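Numbering-wise, the sequence shown is residues 24 to 217 according to the working numbering. For glycine and all other residues, C-beta sits at the position ideal for the given N, C-alpha and C. Nothing here was measured: the structure is a model prediction, and the numbers come from that model.
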Amino acid sequence: KKMALELFKPFIFHKLEERGAATTIKSAKRLVEKERPEVWDVLDEVIREHPVMLNRAPTLHRLGIQAFDPILVEGKAIRLHPLVCAAFNADFDGDQMAVHVPLSVEAQIEARVLMMAANNVLSPANGRPLSIPSQDMVLGCYWLTKDRDGARGEGKIFSSTDEVRIAYDSQEVEEQARIKVRIDGDMIDTTVGR
24 KKMALELFKP FIFHKLEERG AATTIKSAKR LVEKERPEVW DVLDEVIREH
74 PVMLNRAPTL HRLGIQAFDP ILVEGKAIRL HPLVCAAFNA DFDGDQMAVH
124 VPLSVEAQIE ARVLMMAANN VLSPANGRPL SIPSQDMVLG CYWLTKDRDG
174 ARGEGKIFSS TDEVRIAYDS QEVEEQARIK VRIDGDMIDT TVGR
C-alpha cells in the first residue's frame, strides 16, 4: 500500500483537492504524510481502473514489460500471478521488478489495450501459449485429483455437484475422498477434488 501511495501521489493530491479534503497541494502533501484515513479511501478510488506496468530487467522482448490492474496488499513485496512468470522469465527467489504508472489517459488506454497481461498469453515469436501452469500449480492439480484411501467422506453418494460442494464446505468430505455423484443422470465414480 505504501508503494502505491508513493507512485500515485500526484493523482491522490488532485483527488484530495477535488473532494475538498485539501485546499492546496501543500495541505494534500501533509494529509498523505500523516496517512489519514481519507487518503486510503482516495488511493482505492485512484487505482481503480488505473493500470500499472511491471518491468523485469533485462527487457529482451515486449513481454518483459506488461500492464496489470493493481490490488493493494500489505508489505513491501509485489505479488505476481504465477502464470505470467514465464513471460518475465521470473521466479520466486527475490527477483526485482520496476513499477511504472502511465500518467496520461492515452498512456493508460495503450497500457490496457496493448500491454495488459490478459491480452498477452501467446508468444509473439511463435504463437505458443506463455500462460502455462508449472511447478506448484501442476502439483496442486495432481493433489486435488488424486484419490486417497481412508479420506474423510469416502464412499458417500451425492445427488448433485451442489450437494458435494455443501458437504465439502461443511468439512464432511475431503478433496481426495472417493465418492459417487449423479451428473446429467449418470452415477459417476470420482473424487471431491475432481
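Any non-hydrogen atom of the ligand MN within 6 Å of residue i CB
{"i": "Ser182", "result": "In the structure on display, the ligand MN does not appear, and there are no ligands present to speak of."}
Minimum C-alpha distance to residue i - residue among the options
{"i": "Ile155", "options": "Ile189, Leu167, Cys108", "result": "Cys108"}
{"i": "Ser157", "options": "Pro93, Leu106, Val69", "result": "Leu106"}
{"i": "Leu167", "options": "Glu198, Gly178, Ser146, Ala190", "result": "Glu198"}
{"i": "Ala134", "options": "Leu77, Lys179, Met160, Ala121", "result": "Leu77"}
{"i": "Pro93", "options": "Thr47, Met26, Pro147", "result": "Met26"}
{"i": "Ala130", "options": "Asn142, Thr47, Pro74", "result": "Pro74"}
{"i": "Ser216", "options": "Met210, Gly208, Tyr191, Asp209", "result": "The displayed chain sequence assigns Gly, not Ser, to residue 216. When each option's Cα is compared against that of Gly216, the closest is Tyr191."}
{"i": "Arg171", "options": "Leu162, Asp159, Ala200", "result": "Ala200"}
Coarse secondary structure for residue i, derived from DSSP in three states
{"i": "Lys38", "result": "helix"}
{"i": "Arg205", "result": "strand"}
{"i": "Phe31", "result": "coil"}
{"i": "Thr82", "result": "coil"}
{"i": "Leu145", "result": "strand"}
{"i": "Ala130", "result": "helix"}
{"i": "Ala113", "result": "coil"}
{"i": "Met210", "result": "strand"}
{"i": "Thr152", "result": "Here residue 152 is Pro; the residue named in the question, Thr, does not match the sequence. Of the three classes helix, strand and coil, the one that applies to Pro152 here is strand, per DSSP."}
{"i": "Ala90", "result": "strand"}
Integer-rounded CB distance, given that residue j should sit under 8 Å from residue i
{"i": "Thr184", "j": "Ile202", "result": "Not really, about 11 Å apart at Cβ, beyond 8 Å."}
{"i": "Leu95", "j": "Lys24", "result": "5 Å"}
{"i": "Glu61", "j": "Ala44", "result": "5 Å"}
{"i": "Leu39", "j": "Leu86", "result": "Contact flag wrong, Cβ pair sits at about 36 Å."}
Assigned exposure category for residue i - 16 Cβ within 10 Å defines buried
{"i": "Leu66", "result": "buried"}
{"i": "Met138", "result": "buried"}
{"i": "Val196", "result": "buried"}
{"i": "Ala90", "result": "buried"}
{"i": "Val69", "result": "buried"}
> Are the segment 140-148 and the segment 175-182 touching by the rule of at least three beta carbon pairs closer than 8 Å?
Replying inline: no
>> Across the segment 48-66 and the segment 122-132, are there enough close Cβ pairs to call them in contact, namely three or more that are closer than 8 Å?
In response: no
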